[in-house]
Structures are given as structure tokens and as C-alpha cells.
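Residue numbering for the sequence shown follows the working numbering, starting at 31 and increasing by one per position.
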Amino acid sequence: MADDATTARDYRETVFLPDTPFPMRGGLPKKEPEILEGWAALSDKGLYGAVRAKRQADGAPLFVLHDGPPYANGAIHIGHALNKTLKDFVVRSRFALGYDVDYVPGWDCHGLPIEWKIEEEFRAKGRRKDEVPAEEFRTRCREYAGGWIEAQKVEFQRLGILGDWWNRYATMDYTSEATIVAEFHKFAASGQLYRGSKPVMWSPVERTALADAEIEYHDHVSPTIWVKFPVKVYDEEHYALSGNPAGDNVFRLPPNDASVVIWTTTPWTIPANRAISFNPKVEYGLYEVEAMEENLEFAPWSKVGDRLIVADKLADDVRKAAKVAAWRRVEPVDPTGLICAHPLAAFDEGFAFEVPLLAGDHVTDDAGTGFVHTAPGHGADDYLVWLKSGYALDSIPDTVDPDGAYYPHVPLFAGLKVIETEGKKAGKFGPANAAVMDKLIEAGNLLARGRVEHSYPHSWRSKAPILFRNTPQWFIRMDQPLESGQTLRETAIQAIADTVFHPDAGRNRIGSMVESRPDWLVSRQRAWGTPLAMFVDKDSGQPLMDQAVNARILTAIREGGADAWFTRPDAEFLGQAYDPAQYEKVGDILDVWFDSGCTHAFTIEGRADSHWPADLYLEGSDQHRGWFQSSLLEGCGTRGRAPYKAVLTHGFTQDENGEKMSKSKGNTVEPQTVTKESGAEILRLWAAMVDYSEDQRIGKTILATTTDAYRKLRNTTRYLLGALAGFDEAERVTNYDDFPPLEKFILHRLWELDGQVRAAYEAYRFSDVTRPLIEFCQGDLSTLFFDIRKDSLYCDKPTDLRRRAYRTVLDYVFERLTIWLSPLTSFTMEEAWQTRFPEAGSNSLRVIPETPAAWKNRDEKQRWITIQLVLETVTGALEEERREKRIGSALEAAPKVWLASDEKWAAFEGIDAAEVFRTSQATLVRGDGPENAFRRADVGGVAVEPKLAEGQKCARSWRILPEVGTDPRYPELSLRDAEAVAWWDSQHG
31 MADDATTARD
41 YRETVFLPDT
51 PFPMRGGLPK
61 KEPEILEGWA
71 ALSDKGLYGA
81 VRAKRQADGA
91 PLFVLHDGPP
101 YANGAIHIGH
111 ALNKTLKDFV
121 VRSRFALGYD
131 VDYVPGWDCH
141 GLPIEWKIEE
151 EFRAKGRRKD
161 EVPAEEFRTR
171 CREYAGGWIE
181 AQKVEFQRLG
191 ILGDWWNRYA
201 TMDYTSEATI
211 VAEFHKFAAS
221 GQLYRGSKPV
231 MWSPVERTAL
241 ADAEIEYHDH
251 VSPTIWVKFP
261 VKVYDEEHYA
271 LSGNPAGDNV
281 FRLPPNDASV
291 VIWTTTPWTI
301 PANRAISFNP
311 KVEYGLYEVE
321 AMEENLEFAP
331 WSKVGDRLIV
341 ADKLADDVRK
351 AAKVAAWRRV
361 EPVDPTGLIC
371 AHPLAAFDEG
381 FAFEVPLLAG
391 DHVTDDAGTG
401 FVHTAPGHGA
411 DDYLVWLKSG
421 YALDSIPDTV
431 DPDGAYYPHV
441 PLFAGLKVIE
451 TEGKKAGKFG
461 PANAAVMDKL
471 IEAGNLLARG
481 RVEHSYPHSW
491 RSKAPILFRN
501 TPQWFIRMDQ
511 PLESGQTLRE
521 TAIQAIADTV
531 FHPDAGRNRI
541 GSMVESRPDW
551 LVSRQRAWGT
561 PLAMFVDKDS
571 GQPLMDQAVN
581 ARILTAIREG
591 GADAWFTRPD
601 AEFLGQAYDP
611 AQYEKVGDIL
621 DVWFDSGCTH
631 AFTIEGRADS
641 HWPADLYLEG
651 SDQHRGWFQS
661 SLLEGCGTRG
671 RAPYKAVLTH
681 GFTQDENGEK
691 MSKSKGNTVE
701 PQTVTKESGA
711 EILRLWAAMV
721 DYSEDQRIGK
731 TILATTTDAY
741 RKLRNTTRYL
751 LGALAGFDEA
761 ERVTNYDDFP
771 PLEKFILHRL
781 WELDGQVRAA
791 YEAYRFSDVT
801 RPLIEFCQGD
811 LSTLFFDIRK
821 DSLYCDKPTD
831 LRRRAYRTVL
841 DYVFERLTIW
851 LSPLTSFTME
861 EAWQTRFPEA
871 GSNSLRVIPE
881 TPAAWKNRDE
891 KQRWITIQLV
901 LETVTGALEE
911 ERREKRIGSA
921 LEAAPKVWLA
931 SDEKWAAFEG
941 IDAAEVFRTS
951 QATLVRGDGP
961 ENAFRRADVG
971 GVAVEPKLAE
981 GQKCARSWRI
991 LPEVGTDPRY
1001 PELSLRDAEA
1011 VAWWDSQHG
């Protein structure tokens, strides 16, 4: 060491420090658009086209992901971002696994939300919808949807989503509409289609029928009423079963004062009542009122002497509701053959019909009275029991019109609104319920009333309550045998069994829905949609199925879209063979779920660079009742199988507290904001880290945690780039046996991770890629590998085997990490790859490289598990020395480490313990060690005696060694550092 410190050499220039232009801070909001520009320039279809071309040239197997179409209405939200990002993970991971991937993004364009928006536009200009020509209205709908397709496309692309954006599909494209009609014709031609008049879920606000998938349930407070239906006729064969030989005493036919009591939450349906349902398995009784409750604030409607027929099990509930203090059970009653009068019969001849009692299995004695008021035009069970009892379809009354008001022919209540459809009260129940209750009171047939909170069906679009309403609609039969001999329901259930579900619980969910669903209601009474383009014979009521007519219909729609059906004369379609006066032109449009259920037919089927069925459908879990199911039924009904091989579902995105996001709550996270402030990569990494199969959470705190994880990944990537500066093939170590034990351990971890990553991508478990790789970067790499080999990287001579082996393994790590993470953190891995290999082409063009089987070395893994246990104990001892200020850094230490077990002793064979401990010196000793040595309670068989390193401090590596000063050329250096500096001096003159 020189006496005069001012003349000592500055060795910093001889240290081989990492060097890279890859910045520590990502600057993602600025960098990502630059990367997107680079991808766009790779082909006429950007990066997506370039990768497909390369895979096809390589003869890669084809994988088809069919896009479930988002609705073309408004900017994308966080749910869209998650959905499309997961799809991008699928596309990019399949590319990385060596597949050619077909993914065509699409949009759902028809339906009510857009109609509402356009109605609002016209209203703002002083024009009601019925004042706007239908063609003008549809044109504006098309323009509106087209604008949002373009806007959403830009937002999706900003997230880095790959796909064939240049050939996107839309359900409103003329060719799409023509194909949808062609698919509809297939159902009609096979006899699966029929027109029926039955109660359907009807939205007065939207003025259309709704399918199950368009319904959601909300808590709602409804009025409840107990109503008396006076007994009018009884069956002579059954009344005597009561055991009362007097007979008339049971019902007192003259005068008639016995009544069957029903309970309902829909008073407005009383005018539509035509029967009362009972269950023969339920026990009923005739109860005579003996005393009423006293000191009530109101006069009860029941009175002493009233005779009421109810289910025995529910009698006490009815008594309490009617404010009856005491009654006696006069006789058991068999309701078979009873006929009642309508409770409003005294007011109008329109209610003077008989009300029969009908046996039905749907009746229970769990709640109510044990009798079900039956209005066959307003309930599915009511409808079925009415027809099953032998009554005709035309005997079902039309009571409520499309606008939710009673028809003009309804006695007493004509024109009254059940549900309001205009103004501030739109979507609220109107005056009908109250009017009916008032009339029942006036008639003396209201026994009691109350209020109940229950789950009630609402339109998922308008959020308004719906009605069950009898209307003529078009349906597809679920239970009619097809050519295969199986019904559509049976075919669909088999298809579900043949489909792979991720997670598998989705199979039961969609299966239970298909097993119990009614016939598929496919008609809607709106303007903006694909038409039920067919004619119906006015005499027979049957659809006209003529190939020539259908061909003309399809040609017209391909040329002019749906408008062609509505605007061109009937004769143009019917031709010379049919008289237009004999045929009804159907003006309804198809259910939008039928539209989207047909997307497979015009997006993937028949294309040379795709295949049918798709390998995967991926959407939110709500699509078991929506797109997954409509696609399933459409495929099974026309092709005998589902249009997909596998289905993947994800949960919904909630705020950080697990609450549903709502603009009114102010708890939304907008993807546009995150992208602008932090970069799309942060959203991508968040999506890659969550368990998407469940509902996920997002918010500022969660995004901060994601950003921290990203920063660690980026720092690992930056270190790799810096440490590999100047690495070339001449430096590579090619013989596995030449790698030191630590490098062999990291190679084993690469082998291990390669299998995990491939398996996770194959099963779409993206968090099982992200989390192990983050742990690998933070644990095996940063904490162990990088830290131990830092001294070698900085200070070893570049030609030394240890340093070359280290950099060779770093190259393998970089090669794999950048492609393993490319599907998830696509922007950063592209930036890293281009930083190191600017002329090598896009990182996304690569395929995950094969990992040599020779790298598998479980013995080396076990060795390093053992070494790390010892290392943890040594580190704990050194930390205590630093706290006590006996050492400043680990390089001042020379721990004496006692190893009690053969396993721990053998683990250090061929290992430089000082390098592992990051100390200047270290001594390993067999045995238990002295009692005062440092030990950890959770690590047995390791004891540490902290000692100070002996010798001089190397001016270059700062290690304290006795050998410092023994090389006269560099008296301030250790022998290793002297050799390295001598090499450096020879290279720099």
C-alpha cells in the first residue's frame, strides 16, 4: 500500500460494472405508444400479422380463440380491459408456445341500449320515435354503433391487444346479418321454430319481450293481498267426504258464505284471474271465524261467521293476517270440483264467469294460503296448469297491453297503468294495484293486505321491473327430437359434457340452466336488429320455407342489410310463385343473443386460416346464461354440437373493498386513466397476478402494489441487460460440467420453471406464470445468484471461467424470462429485447426455447436449499454484529461456521463459503459449536462464531485478505484483483 494516499491508483475504471441504456424508470405512458408504432410497422396487419405469417411459414398448429363481442356503446370500462387483456394473454401465450393463432375481435351492435340512445337524440330534437321513419332510425343506430366500434378499437389497441383488427366482425355488417338470417332459416326449416301465445317476460319500458339472459333480480317491495273467492258450486261426490251428512252446512250454498282464500303479490293480475290452483297432497280445512281482534286502529275486513277455506298448515298465518282472534276448524275440505265466483263478479258482467279449482304440482303449503290465484296470461305455471286442465289457448285473456296498461276491454280498469312508461315515473308501478285493491274492498272480498320485500325480475338494461304477459312470440323448441333423434336440450347437455371448462364448476352452472330453461324465445318487437326474415301463411299460420324465397331474402340482406327486408316490397322476395296477399311478412327482430350466438358462423366457419369449432371461448361468468348458452344452442340446433371445445370464465372486477363499481359511488377505476398515468403494462400485470376465476379487486392501493411488483421485475431485467453488456458467443460456456454448482442450480431452476410456465399457459393459469417468475427474480436471482456473483461479475478477469459461466447463465435467464413474460408484460419485454438485440426483430416473434433435459439437477437444488438454511443463520449472526457495531459490513467478517450434520457439511463441498456468505473469509467446522455461538431456533445443526477478517483491505474489491500486497505490481490488491487489473491494463495500453 502506498504511503501517500494521493498517489494511490483509482481502480474504479477497472471494475466491470453493468452497463445498459435500459432506464430504471419505465416511463410507460410515453414508451408504450412508441412500441405500438413499431409493432404496427411490422406488416399490413401489424405485429399480429407478422407473427401469424411466421408461424404459418413454420407449419405451426392452429389455435382459434373466438371473441365474445362487447357492446358497441360507450368507452371501455375496467371489465372490458380485464376481458380483452385475458384474451391477449391467450393469444400471445399460444404464439409463444409455437401456435398459429386466429383471433378476430368483434362487436355486438343491435339491441335496446343503442335504440334508447338514438330515441334520446331524436327526442332532444323534438321528434318522437314514432315520428321518425324506421329506415332513418336504423341508419342512425348503425352510425352510432360504428362510431363506438372505432373508439373502442383504439382503446383496446392501446392496451396492447393483438388481433385481426383489420377484419373485425360486427353483428350489424350486412354479411353478418345475412348469415344470422340464414341460421334462423335453418331452425325454421327443421321444424324447431314455432309461434306460440304464452306468458313471456315483458318490459313495458322497452316495449319488448325479454329472454332469461336479459333478466336480473333486485329486491322489491310489493303489496300482498289475501282475497276471498266465494264458493259457487261444489262436487256432490266430494263434499260429503268432509264427514258432515248435512252437506249444505259445509258450504252453506244458499246463502253462500264460504270462500277459498288466495294470496298474491300482484294485485294487478286479479282481473286476469281465470282459476285457482291447489295441490291434492295438501290438507285443507274450512275455518269459521268466532272472534276478531279488538282495539285495532282500523276495521278489519273479516267478521264473525265468515267461513274461509285455506291449507291447514298455513291457517294460523292467514288468521293473524286477517286480524282474527279465534276461529274453529269446521271440516276438512277436498277442493276437487269446487267452482268459485270471481271476487269482482258483482261489479261487471265481464267478471261473471266461473272460476274452477285446478290441481297443480306447483302449489305448496310453504307460504300464502295453499291456493294459487291463477292468471294463465301472466305466469308460466298458471299457463301450463290451464292448458293441462284442458282449456284452449284462445281462452287465455289479453289483459295488459305492450305499454303496461290494461286493454280498453278490461272491465273497471281499462287504461290504468300497471307500470309507468313515460316521464319521471317511468319504470315505477302505476295505479293499477291500488285500484284493484280498492275494488276488492268495495266488493267485500279483500280479507287482508300487507307489504313484502322479495326478489323481483328486472330488465338488466333498463333496470325497470318486468311483467309476465301473454303475447304471440316465436320460439325454438327445446324438447322436439332433431334428425339425430335427440332433442335440442339433450344435444346441448351432451355438448356440455364434451366441453372442457376453466374452471370446471362452469359445467354445472351452464348445465343446470340448460336442463331447466324454457323454449328459446327469439322474437323481439323493436326496430334495431336482424329481422325474422320470413313469411307466414295467413291460413295455416306456418312459416313459408321455400329455398328460392330464402335465397332472395339472403341476397337482398347481403346487399342492403336488414333495411332491405323492411323496405323492399314483399313481391320481390316471394317471386311469381306466391301471392303477397296470402302471406304475412314478419316484422319482429331476433333476440340479440341469437345474433351473438351466430358469430361463429360468420367469423370462423369456412375461413381457410381458421377452423370450426373454436378451441376456446372466453368471457365473464355471467355468460353461462348469455353468449356461452346462446352459442351452444345455436350450434347444437344447426350442427349438432357446441361451436367451442373449451370455455373459460372470469369473475367481475370490484373496488378495493369488494364492492360493485359504480360511477355514483365514485369507486370506479377507468383503464384510460391508469394507462395515461401509469401505463397499460400496470393493468396487464394486475390482470396477470389476480385469480381471474374469482371476482377480483382493483384500486389505488392494489395498483400501487402492482407497480411495486413491476418495478422489481423491471430492475431484474435492467440488471440482466447491464450484466450481459458485451456478451458474445466466444464467451459462452458450452460444457455443462464446466458450470459451478451455483450456476447448475440456476439452470435447474430454469428447467423447472420452463415446465411450470408451459403447463400454466396451456391451462390459462396466468397467475401461475407471474407469481413463480416474480419469486424467482426476487429470490433465486436477486437475493442469491446476483448477490453472490456480484463480486465475480465486477472483479473477475473477463476470461475467467467463473465469470463466463455466470454470464452464460444470465444469458439463458434473459432469453427465457423475456419470452416467458412476453405474453403478460409485453411492452417491457419488447423494450428489453430490443435494447439488447435491436436488429433481431420483435420479441413476440419468438417461441419459448426448449430447455435441455441435462439442466435438470434435483441434487443441486437440494444442495442449495441446505446452503440457504446455513446462509440465513450466518446472515443473522452478522446482522447482530452490525447492530452491536462490531463490524460495519459483511466484508469485515470471517465467520466460523459449525455444521453438525453430514448433509450440511456435504452441501459445501466445492463451494467457496466466503463467497456464499458475502464475507472476506469463512471457516467451516464439523460439530455442534460452542454454547455461546449464534444459532437460529428454526434452523438446527448450524452455529456461528462471528470473527473479524484478518489481513489488508483490497482497494478494488474491498475484501480483507492476508494476500493483499503480495503482488508487487499492485500492492493494494488481492491476487485475484491484481490478475484482473493486469488483464485490463493489457487491453487498454
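C-beta atoms are modelled at their ideal positions from N, C-alpha and C, and glycine is treated no differently.
Exposed or buried, what is residue i when buried is set at 16 or more other beta-carbons lying within 10 Å of its beta-carbon?
i    : result
V251 : exposed
M564 : buried
R282 : Since pLDDT at R282 reaches only 47, below the 50 mark, its modelled position is unreliable, and the value read off the structure follows with that caveat. By the neighbour-count rule (16 or more Cβ atoms within 10 Å), R282 is not buried but exposed.
G756 : exposed
S485 : exposed
E741 : Rather than Glu, the amino acid found at residue 741 in this sequence is Arg. Exposed, because fewer than 16 other Cβ atoms sit within 10 Å of the Cβ of R741.
Beta-carbon separation of residue i and residue j under 8 Å?
i    : j    : result
R124 : F93  : yes
D249 : I634 : no
K926 : V955 : yes
C628 : I179 : no
D725 : F682 : yes
W195 : P135 : yes
V482 : T295 : yes
Q503 : S553 : yes
F401 : I292 : yes
V290 : V319 : no
P960 : E911 : no
F46  : P770 : no
E244 : E664 : no
V677 : A494 : no
R833 : D810 : no
D287 : R349 : no
G434 : K418 : no
Cutting at 6 Å between CB atoms, please list the residues of its own chain near residue i, excluding the five before and the five after it.
i     : result
R788  : none
A718  : F796, T800 and L854
Y1000 : A1008 and V1011
Q951  : A924, A944 and A979
H392  : D411
Suppose you measure from the CA of residue i to the CA of residue j; what does that come to, to the nearest Å?
i    : j    : result
Y436 : V360 : 40 Å
G729 : N962 : 50 Å
I804 : I776 : 15 Å
E150 : F167 : 12 Å
D49  : D685 : 41 Å
E207 : D618 : 14 Å
P599 : I583 : 11 Å
E165 : K159 : 12 Å
L783 : P802 : 8 Å
E64  : F186 : 16 Å
W988 : A835 : 23 Å
G409 : I191 : 46 Å
D576 : G559 : 23 Å
V900 : E761 : 33 Å
P487 : L240 : 11 Å
Keeping to the same chain, check which residues put their C-beta closer than 7 Å to that of residue i; ignore five residues upstream and five downstream.
i    : result
L875 : A80, V81 and K84
N463 : P253, P297 and W298
A321 : V334, A355 and A356
G670 : S514 and T521
N279 : Interpretation of N279 is limited by its pLDDT of 46, a score under 50 that renders its predicted location unreliable; no figure is taken from the coordinates.
request  = At 4 residues or longer, and completely inside the segment 880–930: list those alpha helix (DSSP H) runs for me, N to C.
outcome  = 888–913
ask   = In the segment 735–802, which residue ranges form an unbroken beta strand (DSSP E) of at least 3 residues, counting only runs that do not cross its ends?
value = none
inquiry  = Going residue by residue through the segment 298–384, where are the continuous alpha helix (DSSP H) segments of at least 4 residues, counting only ones entirely within it?
reply    = Complete alpha helix (DSSP H) runs here, min 4: 345–351.
task = Just list the alpha helix (DSSP H) runs in the segment 984–1017, keeping only unbroken ones of 4 residues or longer that don't cross its boundaries, in chain order.
result = 1005–1017
task = Counting only runs of 3+ residues fully inside the segment 476–541, write out the beta strand (DSSP E) ranges in chain order.
result = 476–489, 497–506 and 530–532
request  = Within the segment 564–629, note down every full alpha helix (DSSP H) run reaching 4 residues or more, in order along the chain.
outcome  = 577–590, 593–597, 600–604 and 622–627
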